[in-house]
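Residue numbers (the numbering used here), protein chains in the order written: chain A, 5 to 410; chain B, 5 to 410; chain C, 5 to 410; chain D, 5 to 410. For every residue, glycine included, the Cβ atom is placed at its ideal position computed from N, Cα and C.
4 protein chains.
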Amino acid sequence: MAARVGLWMVGAWGGVATTVATGLSALRQGLSEPVGLVTAKEPLASLPWADWGDLTIGGHDIRETTYAAEAQVLWEKSRVFSPDLLNRVADDFAAWDQNIQPGVLVNVGDRIRSLAGEKSRSYLAESPLQAIARIRKDLENFREQHRLDRLIVVNVASTEPPVDPALAELDWPQLQKLLGASEPIKLPSSSLYAIAAFECGASHVNFTPSVGTDLPALSELALTQGVVHCGRDGKTGETLLKSVLGPMFAARNLHVNSWVGHNIFGNLDGKVLDDPANKATKVKSKDHLLTEILGYKPQTLVSIEYIESLGDWKTAWDHIHFEGFLGTKMAMQFTWQGCDSLLAAPLVLDLVRITELEARLGSKGLLPFVGSFFKSPMGCSTPEFATQYQQLVEWAQLRQSQFEKK
Amino acid sequence: MAARVGLWMVGAWGGVATTVATGLSALRQGLSEPVGLVTAKEPLASLPWADWGDLTIGGHDIRETTYAAEAQVLWEKSRVFSPDLLNRVADDFAAWDQNIQPGVLVNVGDRIRSLAGEKSRSYLAESPLQAIARIRKDLENFREQHRLDRLIVVNVASTEPPVDPALAELDWPQLQKLLGASEPIKLPSSSLYAIAAFECGASHVNFTPSVGTDLPALSELALTQGVVHCGRDGKTGETLLKSVLGPMFAARNLHVNSWVGHNIFGNLDGKVLDDPANKATKVKSKDHLLTEILGYKPQTLVSIEYIESLGDWKTAWDHIHFEGFLGTKMAMQFTWQGCDSLLAAPLVLDLVRITELEARLGSKGLLPFVGSFFKSPMGCSTPEFATQYQQLVEWAQLRQSQFEKK
Amino acid sequence: MAARVGLWMVGAWGGVATTVATGLSALRQGLSEPVGLVTAKEPLASLPWADWGDLTIGGHDIRETTYAAEAQVLWEKSRVFSPDLLNRVADDFAAWDQNIQPGVLVNVGDRIRSLAGEKSRSYLAESPLQAIARIRKDLENFREQHRLDRLIVVNVASTEPPVDPALAELDWPQLQKLLGASEPIKLPSSSLYAIAAFECGASHVNFTPSVGTDLPALSELALTQGVVHCGRDGKTGETLLKSVLGPMFAARNLHVNSWVGHNIFGNLDGKVLDDPANKATKVKSKDHLLTEILGYKPQTLVSIEYIESLGDWKTAWDHIHFEGFLGTKMAMQFTWQGCDSLLAAPLVLDLVRITELEARLGSKGLLPFVGSFFKSPMGCSTPEFATQYQQLVEWAQLRQSQFEKK
Amino acid sequence: MAARVGLWMVGAWGGVATTVATGLSALRQGLSEPVGLVTAKEPLASLPWADWGDLTIGGHDIRETTYAAEAQVLWEKSRVFSPDLLNRVADDFAAWDQNIQPGVLVNVGDRIRSLAGEKSRSYLAESPLQAIARIRKDLENFREQHRLDRLIVVNVASTEPPVDPALAELDWPQLQKLLGASEPIKLPSSSLYAIAAFECGASHVNFTPSVGTDLPALSELALTQGVVHCGRDGKTGETLLKSVLGPMFAARNLHVNSWVGHNIFGNLDGKVLDDPANKATKVKSKDHLLTEILGYKPQTLVSIEYIESLGDWKTAWDHIHFEGFLGTKMAMQFTWQGCDSLLAAPLVLDLVRITELEARLGSKGLLPFVGSFFKSPMGCSTPEFATQYQQLVEWAQLRQSQFEKK
């Protein structure tokens, strides 16, 4: 268990990644309890997870900044962390800053491109294959420099616009060929990072709504390369509640007439989602769920709006209008006031632990038992949170019994 | 399946019972869809339930009124049902009114006693054993008159004050003896009705927070008599949500610091709960849950207040203060605006169907798989709604496979 | 005071107008208390208002229906009124239905046009001047037939798309000339109705966000014709609250960072506002207020969405994020669950009473003291509700003292 | 205007007082904008207020602590202030700590007494007259030591239990006599502080629900001594909203059926209010308002509960059930998430400024124009916030015109 593990984040200086870095440093130093970590709670807690001290952070980002600067912004705008904590994690921040490389801007959309710094912009003209090669080189340097036993690439970058559905009809040889064409096929950066990861034997976690590994061609590549992956779109707030409350209405045979959800928040993610193209990806990821859970389509409305003063505090208001016995209309409303990065970061650390354990055990392909972490879980048979969580618990119990046998 | 089934409600003219009567008549006549009925949804829907047309309603009530009058009050104060519907169920109402007998006032507390009509008050001096005998006679007359194949007694009466905990240490012979003593032990009416039901071979459902069958002595009697029973306290609103949302906080290892729930409503139940003695029983039933689900005790507060203008519309506001990663405090709030009687009535019909089916199949004793219906489910191994519902589904699948084999 | 008064509604069979008709009939028959009527409360109540019994309803509508049918829809979808009440107002409904004429479709936008019935569509080709002439004829017939002493035209029709700002630069002779041109200037129906009203000496109340009389040319015409008018856009819910709560934040010097308001509802008005062109007019009317009250522009967001299941029940959620002492960010949220037509109708009756009184007294031009009734009050010097209401009270006190002198 | 002003707070190390100290130091040093100060906004801002730099803080407290320690608690529990700000105000904190003297425990109730430190407890046996004499000595020493031109005593201590209504029937000579009796009359500390203040020529502001100066005998004394005073119970949150929203329902003639307000918070004030005796004083102060505003008594419910995790963040949920036209029941709900001390402190500074100005101008007796600051304003003719604020504005305009004349 003294294996060295690399955690490579795409969007390495974003809000979620900065919180992951802050939290990892705090956990290494014993400055904080592992509240919010699913893997810190039984029956998962006793699995032989990688030690926090064995993790090293690196990553790509299109912006140029530092962990200290980004954490300071979170503190000032959203009153999360504390100046004292930030002082104590400063050394880790400085060390990890050294491992961040310029990001890729291939097919990320105008809004994301507008945020890029000079270093990333210097690669604006690179082709998909050049981008993949550059990413691979960065990953391999990181692995070599830190003598890593295992490497996990996690996408926590801003949401890209939707992709051409035709991409889902290609197998890996076809996709690979089209990537190298003189007019290469439009595959967004989130997938290029994943290809590079797979090609150099790294695992991949897609914590965003971007397409990432959610293409048959990439699933194929993961299996060929013998790596594990999972995703898509971390489930932290309103959608988590939909996957928890929706099954209740279904079980009670209460007919949901309409479910309206308005989300407001003010972080960088919000700015990116202010672009209708990027927002479309996100809303789609949030909206398919209820029909799957209920078995019919209620009228739904999902809005996500950038309200600067809220900073990282996502405030959601949901209004659920339902019909009970004898046609009686009733209503449930909730408001959720959660700090997005603080809800997401422990789940990222959970997924890194789980993915690392599976990689260590030699698993390959999609991890189907982590559906409870995602809004649009790949390979998961159910949209209901309780059942998804039960699948995770059963996996943990299975692994536990295997470790005990040894 | 052409068996005749009696549904005997204690609190027969109360809001829940009146809604059961209205709904049953509407279902018999095909005037309404079975929305809100758990048994009308797969995988439960295809079990060989008793036909709505085979059910007859009778019951006890301490007040003197009619279904038509009580339904009119619900319509006027709470705008549920509709005048048109009430016209169409008038014949059933009139027939069922004939089957309602004066209720029992033994150990029901001052508040409930103050609501009693003359007929019930004429029995004020009866001893527990006299009350049991009277109830038995009423039940047997009902069974005979309507040539019933099966009889289900359902408690939907107002909440009684808490009982002496020492009652839980008695076995049936001991309890029976103390009931006949010259200074009889203080057993409330809810249990006397249940004893009478068991003694004449009827099943029992305790839909209220009152103690009812929730005593070892009564469990023993049910087994001896070969009858089935279940309970305690129908889970229709705020507590349902606690059993749905609590597991989410637990699964995500988010630390719940405090959970405050304020309930306001204006029906008769609310007036009874305005008495601190009666309220204590109810609050206890609502408050134990979170500690069981979370594994620790957050600060909790549950209030239930009578606000006349709300009528049958229970409005609950819950404020959940929880701590996430790095000690970050977040909040979720919800408001629930549900019509209590309309939420409860279909569950009563569900429980009648389920109890009747088990009685028909010759089961006896406690039904442990209906935990999802109750706030304080007897014999249920888990406080989590999703797991409770899974138990119901598994029971249904088992029964289905048994019926298919035949 | 036995003068006969005509209340001519544009949008005569819409939700607000149907509720006005129901309410007027109920008030005439003494079936309902005048709750929700500002003029029924002191110091306004004792002014010599026209008797309810002296009012007769007529109007234009582009749809073809009846009051009975529309009231039945409100009852069924939104559970307002009651079948019993609707029976009792049926005779008035039938009489007033006779007074409804086909509406005008000139420049109302595609969405409204799509709702029109055959009779109104038969006038699709009419020119603005033809439309004005037709309206005048309808008004004059109504006046003659019912021997009316005074006639008040009230616009309660659906919201039109915004108009060309250049219209505000024309005086009446210019506008009149351009209306008669071979390619007539694009003036919407709401203004054509007002012109016709003014030309035949009727008063006008614009209860909608449509432009109506809010053009210098029409103000000029009103003065020339010696008629009174007021408007614009009845203030019934969320905006009312903004005009009440905004001044509190201003007075306390609390800095409003953002004010987000999401409105959902499911009546016909909602369907029309689902068209972005029509919605633009409405949102503009709702959004200017805060800047006027606060003296700076906070970030604001106003959404209005059609959610069918809500019927006439407008549900608004507002989230106000404000900064207090030492930069501390705090929040207030509210939800408003109001029945739009039932909130609007008594205000319409109030405005009819007030307008009739002023017309009776020989006033002319804009009524500046009714700002409290409107979202975008014409001629009102303040956006604050309390001050607006004070203006109304002072007007009432002035009139009262004048009447007492006589 | 270079006069030196003493601000003497009773409850000097409490949450409100600590925030006053923090804010005053920040304002003196130009570290913060005067957001939340009513007197920093026109038309009040241009009055010749005392300079922040001319104010010195002193006070009484029954606890023994320091400003630095109390501010640290506020930071840690409630995330208000910031460590950086607290560093910058440390010198002022240290200086002001020197001016805090042991508080008085006469008739404060068990709950408050239980919080007292040793120094205050050493005076447990003192008689009312001894307490008054001790307070006077402290005030006079403070005035002398800092060569103060004017001294304002502000009560920001915890809420005392209600007093004997008979106290309101005494004049000053009677009260004075009974205070000196061998079994002295039960006058609580809040009034003893006020007597001492008046006797040594200091002004008094009662920012709490405790009785303080709200007795005819004390009003008499204030006039005799030629000092000014005002109060009672700062209006910062839920009650502020009642005084803003209530008049809207009244003006619109909407009938309020019920108004339910649940308040939860976790600061020291909350702990004191957890004692039913102390809570009674507070609830009374919060509950009389609506009847005054509406002209009839709706069903009301006010709860205040201590929920530790909330710290200084007062969260209130109000549910307003009202009846509109044709008996239609509608609802408004709001939640208020405000930081109590941060809302109160700027109002304390406002009242100090206003009181100092009036004292400087030689006014005496009750200040009737500051009703907008208080829940139970003494001498104020109206319960409506807008009218109360208008009275303040008119006072400011009057004073402004007087200053301009000179």
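Assumed close pair B:F85, B:D237 - CB separation to whole angstroms, cut-off 8 angstroms: Stepping through the second sequence from its first residue, residue 85 of chain B is reached at position 81. Stepping through the second sequence from its first residue, residue 237 of chain B is reached at position 233. Between B:D237 and B:F85 the Cβ distance is about 25 angstroms, and since that is not below 8 angstroms, they are no contact.
A:L370 - partner residues in DSSP beta bridges: Position 366 of the first sequence, counted from the first residue, corresponds to residue 370 of chain A. DSSP lists A:H233 as partners of A:L370.
Span separating the alpha-carbon of D:E242 from that of D:G265: By 1-based counting over the fourth sequence, the position of residue 242 of chain D is 238. By 1-based counting over the fourth sequence, the position of residue 265 of chain D is 261. Approximately 8 angstroms between the Cα atoms of the pair.
Own chain partners of A:Y393 with C-beta closer than 6 angstroms, once the 5 adjacent residues on each side are dropped: Translated into positions along the first sequence, residue 393 of chain A becomes position 389. Close CB contacts of A:Y393 within its chain, under the 6 angstroms cut and outside five residues either way in sequence, are with S376 (chain order).
Minimum C-alpha distance to A:S380 - residue among A:S118, A:V209, A:P192: One-based indexing of the first sequence puts residue 380 of chain A at position 376. The residue from A:S118, A:V209, A:P192 with its alpha-carbon nearest to that of A:S380 is A:V209.
Neighbouring residues, chain C, relative to D:F398 (Cβ below 9 angstroms): Within the fourth sequence, the letter at position 394 stands for residue 398 of chain D. Note that residue 398 of chain D corresponds to Glu in the displayed sequence, not to Phe. Result: empty, since nearest Cβ-Cβ is about 13 angstroms, beyond 9 angstroms.
Positions along the stretch 233-247 of chain A whose CB lies within less than 7 angstroms of some CB in chain C: For the stretch 233-247 of chain A, no residue has a beta-carbon sitting nearer than 7 angstroms to a beta-carbon of chain C.
Beta-carbon proximity of B:C384 to A:T332, cut-off 9 angstroms: The residue labelled residue 384 of chain B in the question sits at position 380 within the second sequence. The residue labelled residue 332 of chain A in the question sits at position 328 within the first sequence. The answer is no: Cβ separation not under 9 angstroms.
Under 8 angstroms by beta carbon: chain D residues contacting C:C343: As a working note, residue 343 of chain C is residue 339 in the third sequence. Annotation: Cβ neighbours of C:C343 in chain D (cutoff 8 angstroms, chain order): G328, T332, M334.
Amino acids of chain C, ordered along the chain, whose beta-carbon sits closer than 9 angstroms to that of A:S86: In the first sequence, the residue the question calls residue 86 of chain A occupies position 82. The CB of A:S86 never comes closer than 9 angstroms to any CB in chain C; the least such distance is about 16 angstroms.
Residues that C:R83 contacts on chain B, provided the C-beta gap is smaller than 8 angstroms: The residue labelled residue 83 of chain C in the question sits at position 79 within the third sequence. Against C:R83, the close residues of chain B are R83, in the order they occur along the chain (beta-carbon pairs closer than 8 angstroms).
DSSP bridge partner residues for B:G299 (one or two, in chain order): If you number the second sequence from 1, residue 299 of chain B lands on position 295. In DSSP, B:G299 forms no bridge with anything.
Distance CB(C:V157)-CB(C:M13) smaller than 9 angstroms: Here the question's residue 157 of chain C lines up with position 153 in the third sequence. Here the question's residue 13 of chain C lines up with position 9 in the third sequence. In this structure, C:V157 lies near C:M13, with their beta-carbon atoms less than 9 angstroms apart.
For A:M5, three-class secondary structure by DSSP: The residue given as residue 5 of chain A occupies position 1 in the first sequence. Confidence in A:M5 is poor, its pLDDT being 47 and thus under 50, which makes the residue's placement unreliable; the coordinate value appears in the next sentence. In the structure shown, A:M5 falls within a coil segment according to DSSP collapsed to helix, strand and coil.
Identity of the residues DSSP links to B:F4 by a beta bridge: Outside the displayed range of chain B (5 to 410) lies residue 4 of chain B, so it cannot be described from this structure.
Interface positions of the stretch 295-319 of chain C facing chain A (Cβ-Cβ less than 7 angstroms), listed along the chain: Listed in sequence order: Q303, L305, S307, E309, I311, E312, S313, L314, T319.
Extent of the continuous beta strand (DSSP E) to which D:D65 belongs: Here residue 65 of chain D refers to the residue found at position 61 of the fourth sequence. Secondary structure note for D:D65: its beta strand (DSSP E) is the uninterrupted segment 59-65.
Selection of the stretch 372-396 of chain D by Cβ proximity to chain B, strictly under 9 angstroms: Per Cβ criterion, the list is empty.
Chain-ordered chain A contacts of C:I268 [CB-CB under 7 angstroms]: Along the third sequence, one-based indexing puts residue 268 of chain C at 264. Listed along chain A, the residues sitting closer than 7 angstroms to C:I268 by beta-carbon distance are V264, H323.
Residue burial classification, B:Q406 (beta-carbon count within 10 angstroms, cutoff 16): Here residue 406 of chain B corresponds to residue number 402 of the second sequence, with the count starting at 1. Here B:Q406 is exposed. Its C-beta has fewer than 16 other C-beta atoms within 10 Å.
Cutoff 7 angstroms; reference D:W317; Cβ partners in own chain excluding five residues on either side: Counting from one through the fourth sequence, the residue named residue 317 of chain D turns up at place 313. So the list reads S82, F269, Q341, C343, once near-sequence residues are dropped.
A:V160 (DSSP reduced to helix, strand or coil): Stepping through the first sequence from its first residue, residue 160 of chain A is reached at position 156. A:V160: coil per DSSP, three-state reduction.
Closest Cα partner of B:Q33 within the set B:S50, B:P52, B:L59: Position 29 of the second sequence, counted from the first residue, corresponds to residue 33 of chain B. With respect to the C-alpha of B:Q33, the residue from B:S50, B:P52, B:L59 having the closest C-alpha is B:L59.
Residue-chain proximity (A:N257, chain C), Cβ-Cβ < 9 angstroms: Taking the first sequence and counting its residues from 1, one reaches residue 257 of chain A at position 253. Using a Cβ-Cβ cut-off of 9 angstroms, A:N257 does not count as an interface residue toward chain C, since no Cβ of chain C sits closer than that to its own.
Cβ contact check for the stretch 342-357 of chain C and the stretch 319-336 of chain D: 3 or more pairs under 8 angstroms: Because the criterion of three Cβ pairs below 8 angstroms is met, the stretch 342-357 of chain C and the stretch 319-336 of chain D touch.
Contact under 9 angstroms by Cβ, C:R67 with C:S124: Translated into the one-based positions of the third sequence, residue 67 of chain C becomes position 63. Translated into the one-based positions of the third sequence, residue 124 of chain C becomes position 120. Contact flag set, yes.
Element boundaries [beta strand (DSSP E), containing B:Q105]: Locating residue 105 of chain B in the second sequence gives position 101, counting from the first residue. Its beta strand (DSSP E) spans residues 104-106.
Neighbour flag for C:Q401 against chain A, beta carbons, 9 angstroms: Along the third sequence, one-based indexing puts residue 401 of chain C at 397. Taking Cβ atoms only, chain A never reaches closer than 9 angstroms to C:Q401, which makes this a no.
Proximity test, Cβ basis, 9 angstroms: C:N159 and chain A: Your numbering for residue 159 of chain C matches position 155 in the third sequence. So, not an interface residue.
Euclidean distance between Cα positions of A:A201 and A:N159: Sequence index remark: in the first sequence, residue 201 of chain A carries index 197 (1-based). Sequence index remark: in the first sequence, residue 159 of chain A carries index 155 (1-based). Straight through space, the alpha carbons of A:N159 and A:A201 are spaced by roughly 11 angstroms.
Proximity to A:S223 [Cα-Cα], best of A:E203, A:L152, A:T212, A:W17: The residue you call residue 223 of chain A lines up with position 219 of the first sequence. The shortest C-alpha separation from A:S223 is found at A:E203.
Pair within 9 angstroms by beta-carbon distance, A:T23 and A:L346: One-based indexing of the first sequence puts residue 23 of chain A at position 19. One-based indexing of the first sequence puts residue 346 of chain A at position 342. Contact flag set, yes.
Complete beta strand (DSSP E) runs within the stretch 67-123 of chain A (minimum length 3 residues, chain order): Segments of the beta strand (DSSP E) lying fully in the stretch 67-123 of chain A: 104-106.
Own chain, CB closer than 8 angstroms to B:E148, minus 5 neighbours either side, in chain order: For the purposes of this step, residue 148 of chain B is taken as residue 144 along the second sequence, with counting starting at 1. There are no such residues.
Simplified DSSP assignment, three categories, for C:E130: Here residue 130 of chain C is taken as the residue at index 126 of the third sequence, counted from 1. Coil.
Span separating the alpha-carbon of A:R256 from that of A:T295: Residue numbering aside, residue 256 of chain A sits at position 252 when the first sequence is read from its first letter. Residue numbering aside, residue 295 of chain A sits at position 291 when the first sequence is read from its first letter. If I take the Cα positions, the gap works out to 16 angstroms.
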